[in-house]
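Structure first, then comments.
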Amino acid sequence: MTLATATPALIDRLPQVRGSLEANGSLADFIWFRCGGPADVLFRPADVADLVEFLKACPQDVPVLPVGVGSNLLVRDGGVDGVVVRLSKAFAQVSVEPGNRIRAGAAAMGITAASAARDAGIGGMEFLRGIPGTIGGAVRMNAGAYGRETADVLVECTVVHRDGRIETLPASALNYTYRHSELPEGAIVIEAVLEGAPADPAVVGAEMDRIAAEREASQPLRSRTGGSTFKNPDGHKAWQLVDAAGCRGLTRGGAQVSEKHCNFLLNTGGASADDLEDLGEDVRRRVKEASGVDLQWEIQRIGRREKTRPEGEGQA
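Take the working numbering: the last position of the sequence shown gets the number 321, and nothing is skipped along the way.
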(Lines of atoms letter the chains of each structure in order from A and count residues from 1; the text may use other names and numbers.)
(Lines give C-alpha, C1' and ligand atoms only; values in the text may rest on other atoms or scores of the structure.)
Protein backbone atom coordinates (compact mmCIF):
# COMPACT_ATOMS: atom_id res chain seq x y z
CA MET A 1 0.00 0.00 0.00
CA THR A 2 1.14 3.52 -0.81
CA LEU A 3 0.15 6.01 1.86
CA ALA A 4 1.02 9.69 2.09
CA THR A 5 0.83 11.87 5.17
CA ALA A 6 -2.68 13.20 5.79
CA THR A 7 -5.07 14.45 8.40
CA PRO A 8 -4.75 11.68 10.98
CA ALA A 9 -8.43 11.74 11.88
CA LEU A 10 -9.45 10.81 8.31
CA ILE A 11 -6.63 8.42 7.45
CA ASP A 12 -7.05 6.55 10.71
CA ARG A 13 -10.67 5.86 9.82
CA LEU A 14 -9.98 4.42 6.36
CA PRO A 15 -9.38 0.71 5.74
CA GLN A 16 -6.15 -0.71 4.40
CA VAL A 17 -6.03 -1.25 0.62
CA ARG A 18 -3.88 -3.04 -1.93
CA GLY A 19 -4.03 -0.09 -4.29
CA SER A 20 -3.01 3.39 -3.16
CA LEU A 21 -4.38 6.02 -0.80
CA GLU A 22 -2.94 9.50 -1.31
CA ALA A 23 -3.69 12.33 1.12
CA ASN A 24 -4.40 15.71 -0.48
CA GLY A 25 -4.28 13.90 -3.81
CA SER A 26 -3.99 16.25 -6.76
CA LEU A 27 -6.92 16.20 -9.15
CA ALA A 28 -5.58 19.08 -11.25
CA ASP A 29 -2.88 16.72 -12.51
CA PHE A 30 -5.42 14.88 -14.65
CA ILE A 31 -8.62 16.96 -14.76
CA TRP A 32 -8.80 18.48 -18.25
CA PHE A 33 -9.05 22.05 -16.93
CA ARG A 34 -5.79 21.45 -15.01
CA CYS A 35 -6.93 23.47 -12.02
CA GLY A 36 -8.83 23.08 -8.77
CA GLY A 37 -8.12 21.79 -5.29
CA PRO A 38 -7.08 18.32 -4.12
CA ALA A 39 -9.13 15.41 -2.84
CA ASP A 40 -8.88 14.88 0.91
CA VAL A 41 -7.88 11.35 -0.07
CA LEU A 42 -7.38 9.97 -3.59
CA PHE A 43 -7.95 6.19 -3.82
CA ARG A 44 -6.75 4.11 -6.75
CA PRO A 45 -8.07 0.56 -6.22
CA ALA A 46 -5.92 -2.32 -7.42
CA ASP A 47 -8.94 -4.21 -8.79
CA VAL A 48 -12.63 -4.84 -8.21
CA ALA A 49 -12.04 -6.84 -5.02
CA ASP A 50 -9.95 -4.01 -3.59
CA LEU A 51 -12.71 -1.51 -4.34
CA VAL A 52 -15.37 -3.78 -2.85
CA GLU A 53 -13.45 -4.36 0.39
CA PHE A 54 -12.68 -0.67 0.75
CA LEU A 55 -16.32 0.36 0.33
CA LYS A 56 -17.49 -2.33 2.77
CA ALA A 57 -15.14 -1.04 5.46
CA CYS A 58 -15.21 2.69 4.71
CA PRO A 59 -17.27 4.59 7.32
CA GLN A 60 -20.65 5.52 5.89
CA ASP A 61 -20.25 9.19 6.81
CA VAL A 62 -17.13 9.57 4.63
CA PRO A 63 -18.11 10.90 1.18
CA VAL A 64 -16.92 8.74 -1.72
CA LEU A 65 -16.92 10.09 -5.29
CA PRO A 66 -15.74 8.31 -8.47
CA VAL A 67 -13.90 10.41 -11.05
CA GLY A 68 -12.79 9.35 -14.52
CA VAL A 69 -10.42 11.42 -16.65
CA GLY A 70 -12.16 14.66 -15.73
CA SER A 71 -13.07 15.66 -19.28
CA ASN A 72 -16.43 17.02 -18.11
CA LEU A 73 -15.51 18.12 -14.61
CA LEU A 74 -14.66 21.32 -12.77
CA VAL A 75 -13.08 20.78 -9.35
CA ARG A 76 -13.52 23.81 -7.13
CA ASP A 77 -10.46 25.45 -5.59
CA GLY A 78 -11.23 24.39 -2.03
CA GLY A 79 -10.84 20.72 -2.89
CA VAL A 80 -13.14 17.74 -2.47
CA ASP A 81 -14.34 16.30 0.85
CA GLY A 82 -13.75 12.66 1.64
CA VAL A 83 -12.44 10.08 -0.82
CA VAL A 84 -12.20 10.45 -4.59
CA VAL A 85 -11.95 7.09 -6.39
CA ARG A 86 -10.00 6.95 -9.62
CA LEU A 87 -10.24 3.57 -11.29
CA SER A 88 -6.97 2.02 -12.45
CA LYS A 89 -6.03 0.26 -15.70
CA ALA A 90 -7.42 -2.93 -14.21
CA PHE A 91 -10.86 -1.42 -14.92
CA ALA A 92 -10.06 -0.51 -18.54
CA GLN A 93 -10.33 -3.88 -20.29
CA VAL A 94 -12.43 -4.10 -23.47
CA SER A 95 -13.58 -7.33 -25.13
CA VAL A 96 -15.91 -8.41 -27.93
CA GLU A 97 -18.83 -10.71 -27.10
CA PRO A 98 -21.42 -12.57 -29.19
CA GLY A 99 -24.48 -10.69 -30.37
CA ASN A 100 -22.60 -7.60 -31.62
CA ARG A 101 -21.70 -6.65 -28.09
CA ILE A 102 -18.74 -4.96 -26.45
CA ARG A 103 -17.92 -5.41 -22.77
CA ALA A 104 -15.96 -2.41 -21.50
CA GLY A 105 -14.49 -1.60 -18.14
CA ALA A 106 -15.55 1.71 -16.64
CA ALA A 107 -12.04 3.18 -16.98
CA ALA A 108 -11.86 2.39 -20.70
CA MET A 109 -12.01 5.43 -22.98
CA GLY A 110 -14.89 5.85 -25.41
CA ILE A 111 -12.50 5.74 -28.37
CA THR A 112 -11.16 2.36 -27.18
CA ALA A 113 -14.65 0.86 -27.12
CA ALA A 114 -15.50 2.40 -30.49
CA SER A 115 -12.29 1.04 -32.03
CA ALA A 116 -12.95 -2.47 -30.69
CA ALA A 117 -16.44 -2.34 -32.19
CA ARG A 118 -15.05 -1.18 -35.55
CA ASP A 119 -12.48 -3.98 -35.65
CA ALA A 120 -15.20 -6.54 -34.86
CA GLY A 121 -17.53 -5.25 -37.57
CA ILE A 122 -20.01 -3.71 -35.13
CA GLY A 123 -21.72 -0.43 -36.02
CA GLY A 124 -23.68 2.04 -33.93
CA MET A 125 -20.94 2.97 -31.47
CA GLU A 126 -19.05 5.39 -33.71
CA PHE A 127 -20.29 8.34 -31.66
CA LEU A 128 -18.12 7.15 -28.76
CA ARG A 129 -15.16 8.35 -30.85
CA GLY A 130 -16.44 11.87 -30.20
CA ILE A 131 -16.70 11.48 -26.42
CA PRO A 132 -13.36 12.15 -24.71
CA GLY A 133 -14.29 10.52 -21.41
CA THR A 134 -14.50 7.06 -19.90
CA ILE A 135 -17.23 4.47 -20.33
CA GLY A 136 -18.11 4.83 -16.64
CA GLY A 137 -18.70 8.55 -17.07
CA ALA A 138 -20.68 7.96 -20.26
CA VAL A 139 -22.97 5.49 -18.46
CA ARG A 140 -23.48 7.83 -15.52
CA MET A 141 -24.40 10.94 -17.53
CA ASN A 142 -25.83 9.38 -20.70
CA ALA A 143 -23.07 10.99 -22.72
CA GLY A 144 -23.80 11.54 -26.37
CA ALA A 145 -22.59 13.14 -29.58
CA TYR A 146 -23.39 13.25 -33.28
CA GLY A 147 -27.00 12.21 -32.90
CA ARG A 148 -26.58 9.24 -30.58
CA GLU A 149 -26.18 8.72 -26.85
CA THR A 150 -25.23 6.01 -24.39
CA ALA A 151 -28.88 5.05 -23.87
CA ASP A 152 -28.97 3.89 -27.50
CA VAL A 153 -26.31 1.22 -27.00
CA LEU A 154 -26.22 0.27 -23.31
CA VAL A 155 -27.50 -3.21 -22.48
CA GLU A 156 -26.47 -3.31 -18.83
CA CYS A 157 -23.92 -1.98 -16.41
CA THR A 158 -22.28 -3.47 -13.34
CA VAL A 159 -21.90 -1.27 -10.27
CA VAL A 160 -20.47 -1.49 -6.79
CA HIS A 161 -22.80 0.05 -4.22
CA ARG A 162 -21.62 2.15 -1.31
CA ASP A 163 -21.90 -0.87 0.98
CA GLY A 164 -19.72 -3.01 -1.31
CA ARG A 165 -22.53 -4.96 -3.02
CA ILE A 166 -21.98 -5.75 -6.70
CA GLU A 167 -25.06 -5.52 -8.91
CA THR A 168 -25.72 -5.69 -12.63
CA LEU A 169 -28.41 -3.26 -13.73
CA PRO A 170 -30.30 -3.35 -17.04
CA ALA A 171 -30.25 -0.12 -19.01
CA SER A 172 -33.94 0.36 -18.25
CA ALA A 173 -33.14 0.72 -14.53
CA LEU A 174 -31.20 3.90 -15.21
CA ASN A 175 -34.27 5.77 -16.56
CA TYR A 176 -32.13 7.74 -18.96
CA THR A 177 -33.01 11.27 -20.04
CA TYR A 178 -30.87 13.89 -21.75
CA ARG A 179 -27.43 13.87 -20.06
CA HIS A 180 -28.91 12.28 -16.95
CA SER A 181 -29.38 8.87 -15.37
CA GLU A 182 -30.94 7.59 -12.18
CA LEU A 183 -27.92 5.53 -11.24
CA PRO A 184 -28.34 4.54 -7.57
CA GLU A 185 -26.90 7.06 -5.13
CA GLY A 186 -23.31 6.20 -4.29
CA ALA A 187 -22.99 3.47 -6.92
CA ILE A 188 -19.70 3.24 -8.83
CA VAL A 189 -19.88 1.88 -12.38
CA ILE A 190 -17.18 -0.74 -12.99
CA GLU A 191 -18.28 -2.27 -16.32
CA ALA A 192 -20.79 -1.90 -19.13
CA VAL A 193 -22.11 -4.05 -21.95
CA LEU A 194 -22.88 -2.18 -25.19
CA GLU A 195 -24.68 -3.51 -28.25
CA GLY A 196 -24.54 -2.42 -31.86
CA ALA A 197 -25.37 -4.02 -35.21
CA PRO A 198 -23.35 -5.81 -37.89
CA ALA A 199 -21.47 -3.37 -40.11
CA ASP A 200 -18.58 -3.14 -42.54
CA PRO A 201 -15.46 -2.21 -40.55
CA ALA A 202 -14.39 0.14 -43.34
CA VAL A 203 -17.69 2.03 -43.16
CA VAL A 204 -17.51 2.22 -39.36
CA GLY A 205 -13.92 3.43 -39.55
CA ALA A 206 -14.80 6.10 -42.10
CA GLU A 207 -17.54 7.44 -39.84
CA MET A 208 -15.17 7.51 -36.87
CA ASP A 209 -12.64 9.41 -38.98
CA ARG A 210 -15.33 11.89 -40.00
CA ILE A 211 -16.28 12.47 -36.37
CA ALA A 212 -12.64 12.96 -35.40
CA ALA A 213 -12.08 15.47 -38.20
CA GLU A 214 -15.24 17.39 -37.38
CA ARG A 215 -14.27 17.63 -33.71
CA GLU A 216 -10.78 18.81 -34.62
CA ALA A 217 -12.19 21.49 -36.91
CA SER A 218 -14.90 22.80 -34.59
CA GLN A 219 -13.73 22.30 -31.00
CA PRO A 220 -10.74 23.60 -29.01
CA LEU A 221 -9.37 20.10 -28.40
CA ARG A 222 -5.79 21.22 -27.79
CA SER A 223 -6.73 23.62 -25.00
CA ARG A 224 -7.32 23.16 -21.28
CA THR A 225 -11.07 22.79 -21.39
CA GLY A 226 -13.88 20.66 -20.03
CA GLY A 227 -16.00 19.82 -23.02
CA SER A 228 -19.47 21.26 -23.58
CA THR A 229 -20.22 23.67 -20.76
CA PHE A 230 -24.01 23.93 -21.01
CA LYS A 231 -26.75 21.51 -22.00
CA ASN A 232 -28.66 22.24 -25.19
CA PRO A 233 -32.08 23.61 -24.14
CA ASP A 234 -35.14 22.26 -25.93
CA GLY A 235 -35.26 23.74 -29.40
CA HIS A 236 -31.91 25.54 -29.09
CA LYS A 237 -28.18 25.04 -29.42
CA ALA A 238 -26.36 26.31 -26.35
CA TRP A 239 -23.46 27.71 -28.38
CA GLN A 240 -25.81 29.79 -30.54
CA LEU A 241 -27.42 31.32 -27.46
CA VAL A 242 -24.01 32.08 -25.95
CA ASP A 243 -22.84 33.63 -29.22
CA ALA A 244 -26.01 35.71 -29.64
CA ALA A 245 -25.56 37.07 -26.11
CA GLY A 246 -22.15 38.45 -27.10
CA CYS A 247 -20.13 36.04 -24.96
CA ARG A 248 -17.71 34.67 -27.57
CA GLY A 249 -14.19 35.40 -26.28
CA LEU A 250 -15.46 36.74 -22.94
CA THR A 251 -12.86 36.48 -20.15
CA ARG A 252 -12.57 36.47 -16.39
CA GLY A 253 -9.11 36.09 -14.89
CA GLY A 254 -7.41 33.28 -16.77
CA ALA A 255 -10.71 31.85 -18.01
CA GLN A 256 -12.14 32.50 -21.46
CA VAL A 257 -15.17 31.55 -23.53
CA SER A 258 -13.65 29.82 -26.56
CA GLU A 259 -13.72 31.81 -29.77
CA LYS A 260 -13.61 28.57 -31.76
CA HIS A 261 -16.67 27.02 -30.07
CA CYS A 262 -18.38 29.22 -27.52
CA ASN A 263 -19.98 26.40 -25.55
CA PHE A 264 -16.46 25.62 -24.31
CA LEU A 265 -14.69 27.38 -21.45
CA LEU A 266 -10.89 27.52 -21.52
CA ASN A 267 -8.16 27.77 -18.95
CA THR A 268 -5.82 30.02 -20.93
CA GLY A 269 -3.12 29.61 -18.27
CA GLY A 270 -3.36 30.23 -14.56
CA ALA A 271 -7.15 30.22 -14.36
CA SER A 272 -8.64 29.20 -11.04
CA ALA A 273 -11.75 27.08 -10.80
CA ASP A 274 -13.47 30.18 -9.42
CA ASP A 275 -12.53 32.08 -12.59
CA LEU A 276 -14.10 29.36 -14.73
CA GLU A 277 -17.24 28.92 -12.66
CA ASP A 278 -17.80 32.66 -12.32
CA LEU A 279 -17.32 33.11 -16.06
CA GLY A 280 -19.87 30.36 -16.68
CA GLU A 281 -22.34 32.06 -14.36
CA ASP A 282 -21.73 35.37 -16.14
CA VAL A 283 -22.53 33.64 -19.44
CA ARG A 284 -25.71 32.17 -17.97
CA ARG A 285 -26.81 35.60 -16.76
CA ARG A 286 -26.14 37.26 -20.12
CA VAL A 287 -27.94 34.52 -22.05
CA LYS A 288 -30.94 34.82 -19.72
CA GLU A 289 -31.06 38.57 -20.27
CA ALA A 290 -30.67 38.26 -24.04
CA SER A 291 -32.97 35.35 -24.80
CA GLY A 292 -34.89 34.45 -21.66
CA VAL A 293 -33.38 30.96 -21.73
CA ASP A 294 -31.98 29.59 -18.49
CA LEU A 295 -28.89 27.59 -19.49
CA GLN A 296 -28.08 24.57 -17.34
CA TRP A 297 -24.55 23.40 -16.67
CA GLU A 298 -23.49 20.20 -18.41
CA ILE A 299 -20.05 20.27 -16.81
CA GLN A 300 -20.16 18.68 -13.37
CA ARG A 301 -18.88 20.97 -10.60
CA ILE A 302 -17.66 19.38 -7.40
CA GLY A 303 -15.95 20.42 -4.20
CA ARG A 304 -15.69 23.48 -2.01
CA ARG A 305 -15.49 27.05 -3.21
CA GLU A 306 -12.77 29.11 -1.54
CA LYS A 307 -14.81 32.28 -1.84
CA THR A 308 -18.50 33.11 -1.84
CA ARG A 309 -20.01 34.30 -5.09
CA PRO A 310 -21.22 37.92 -4.75
CA GLU A 311 -24.88 38.23 -3.84
CA GLY A 312 -27.10 38.46 -6.88
CA GLU A 313 -24.95 36.35 -9.19
CA GLY A 314 -26.58 33.23 -10.64
CA GLN A 315 -26.39 29.86 -8.95
CA ALA A 316 -26.71 26.62 -10.84
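Think of the CB as a built atom: it goes at the ideal place given N, C-alpha and C, for glycine as much as any other residue.
Linking Glu212 to Leu246 through their CA atoms gives a straight-line distance of about 29 Å. Here the C-alpha atom of Arg309 lies approximately 46 Å from the C-alpha atom of Pro103.
For the pair Ala97 and Gly110, the Cα-to-Cα distance works out to about 5 Å.
Contact annotation: Val53 and Val160 have beta-carbon atoms that are not nearer than 9 Å. DSSP, read as helix, strand or coil, puts Glu286 in helix. CA-to-CA, the gap between Asp279 and Thr234 works out to about 15 Å. Counting the other Cβ atoms within 10 Å of the Cβ of Asp34 gives fewer than 16, which makes it exposed. Minimum Cα-Cα distance from Ser186 among the listed residues Asp283, Val209, Val144 and Ala207 corresponds to Val144. Put simply, the region 178–197 does not touch the region 121–131. Fewer than three CB pairs are less than 8 Å apart. If you look at Glu212, you'll find it in the alpha helix (DSSP H) that goes Pro206 to Ser223.
Closest option to Lys94, judged by alpha-carbon separation, among Arg106, Gly73 and Arg81: Gly73.
If you draw a straight line from the Cα of Arg39 to the Cα of Ala62, it comes to about 32 Å. Counted as a single uninterrupted DSSP element, the beta strand (DSSP E) harbouring Leu174 occupies residues Ile171 to Pro175. Boundaries of the beta strand (DSSP E) around Ala44: Ala44 to Arg49. With 16 or more other Cβ atoms inside 10 Å of its own Cβ, Ile36 counts as buried.
Buried is the label assigned to Ala243, since at least 16 other Cβ atoms lie within 10 Å of its Cβ. Asp86: not part of any alpha helix (DSSP H); member of the beta strand (DSSP E) spanning Val85 to Val90, first to last residue.
The beta carbon of Ile216 sits closer than 8 Å to those of Glu131, Phe132, Arg134, Gly135, Ala150 and Tyr151, all from its chain and outside the five residues before and after it, given in chain order. Taking a C-beta distance under 9 Å as the contact criterion, Gly87 and Val69 qualify as a contact pair.
Here Val80 is buried: its Cβ has 16 or more other Cβ atoms, across all protein chains shown, within 10 Å. At the C-beta level, Met146 and Arg108 stay beyond 9 Å of one another. Taking a contact as a CB-CB distance under 8 Å, the pair Met114 and Thr139 counts as one, their CB atoms being some 6 Å apart.
With 16 or more other Cβ atoms from the protein chains shown falling within 10 Å of its own Cβ, Ala44 counts as buried. Looking at the DSSP output, Ala202 shares a beta bridge with Gly128.
Using a Cβ distance threshold of 9 Å, Gly141 and Ile195 count as a contacting pair. Between Leu284 and the set Gly231, Gly258 and Val298, the nearest pair of CA atoms involves Gly258. A distance below 6 Å between beta-carbons, with the five flanking residues on each side excluded, links Thr163 to the following residues of its chain, in chain order: Thr173, Ile195 and Glu196.
Residue nearest to Ile16 within the set Ala51, Asp55, Leu32 and Pro64 is Pro64 (criterion: CA-CA distance). Contact annotation: Arg49 and Val85 have beta-carbon atoms that are not nearer than 9 Å. DSSP places Val57 inside the alpha helix (DSSP H), whose first and last residues are Val53 to Ala62. Around the beta carbon of Ala119, a 10 Å sphere encloses 16 or more other beta carbons of the protein chains shown; the residue is thus reported as buried.
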